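Residue numbers (our numbering): 4 to 121.
Positions of the beta carbon are idealized from the N, C-alpha and C atoms, including for glycine.
Nothing here was measured: the structure is a model prediction, and the numbers come from that model.
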Amino acid sequence: MENLDRYWRAVQQAVCVKCIDSDGAGTCRLSNDDACGLRAHFSKIVESVLSVRSDTLEPYLEALRNNVCAHCKHQSPDGKCMVRGQLDCGLDRYFPLVIDAIESACAELDETPEAFGD
Ligand code: SF4
Ligand code: SF4
4 MENLDRYWRA
14 VQQAVCVKCI
24 DSDGAGTCRL
34 SNDDACGLRA
44 HFSKIVESVL
54 SVRSDTLEPY
64 LEALRNNVCA
74 HCKHQSPDGK
84 CMVRGQLDCG
94 LDRYFPLVID
104 AIESACAELD
114 ETPEAFGD
């Protein structure tokens with residue numbers, strides 16, 4: 004996805020820096036196997052967030068569950084996720100912050116003159 008790196012940097016600066024599983028500077032301390040869905044599914048997360056425009060969280064959550072959680076190895080066919088249940092998925096824990104970071108980055112990218120764009 005175009006500009007994925009810029010979205011990632013925005014989320015890292017707004018979300019990962021505040022995460023209990025980061026080193027405090029935005030670098031995740033979890034191994035790839037343990038990492039929250041944020042890194043593993045990032046491109047789908049950006050697409051899902053940008054497909055919604057709403058003042059409420061529910062439509063974003065629905066898009067996340069349908070487009071990301073449904074394909075995540077941690078979710079069972081009946082839609083349950085033990086990781087989420089134990090508040091161990093940073094993506095789920097900080098999802099409102101993730102939405103804000105992606106929408107703000109999108110607005111900034113829209114305002115970036117083409118000559119200075121990617
Ligand atoms: S667990 Fe997820 S939200 Fe937390 S620092 Fe790692 S990638 Fe970021
Ligand atoms: S909430 Fe569960 S199913 Fe959804 S991304 Fe996180 S670990 Fe995967």
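Tell me which same chain residues have a C-beta within less than 6 angstroms of the C-beta of residue i, skipping the five on either side of it?
i: glutamine 15; result: Gly29
i: leucine 67; result: Ser51
i: glutamate 106; result: none
i: valine 86; result: His77, Cys92
i: cysteine 22; result: Gly93
i: cysteine 84; result: His77, Gln78
Look at the Cβ atom of residue i, then the Cβ atom of residue j, and state whether they are nearer than 8 angstroms.
i: glycine 101; j: valine 18; result: Note on identity: in this sequence residue 101 is valine, with glycine being the wrong assignment. In contact: valine 101 and valine 18 (Cβ atoms closer than 8 angstroms).
i: serine 46; j: methionine 4; result: yes
i: glutamate 93; j: cysteine 39; result: Correcting the residue type first, residue 93 is glycine in the shown sequence and not glutamate. Yes; because the gap between Cβ atoms is below 8 angstroms, this pair is in contact.
i: leucine 90; j: asparagine 6; result: no
i: aspartate 24; j: arginine 12; result: no
i: arginine 9; j: alanine 108; result: yes
Cβ of residue i within 7 angstroms of any heavy atom in ligand 1?
i: leucine 67; result: no
i: glycine 93; result: yes
i: cysteine 19; result: yes
i: cysteine 39; result: yes
Comparing alpha-carbon positions, which option in the options lies nearest residue i?
i: proline 62; options: Gly82, Asp37, Phe98, Ser34; result: Phe98
i: histidine 44; options: Glu106, Asn70, Ala104; result: Asn70
i: arginine 96; options: Val49, Leu64, His74; result: Leu64
i: alanine 104; options: Asp37, Val49, Arg42; result: Val49
i: aspartate 37; options: Ser57, Arg56, Cys75; result: Cys75
Once the 5 residues before and after residue i are set aside, which same chain residues still bring their CB inside 7 angstroms of it?
i: leucine 60; result: Pro99
i: serine 54; result: Ala66
i: aspartate 26; result: Arg32
Is it the case that the CB of residue i approaches a heavy atom of ligand 2 more closely than 7 angstroms?
i: cysteine 22; result: no
i: glutamine 78; result: yes
i: valine 86; result: yes
i: valine 71; result: yes
i: cysteine 109; result: no
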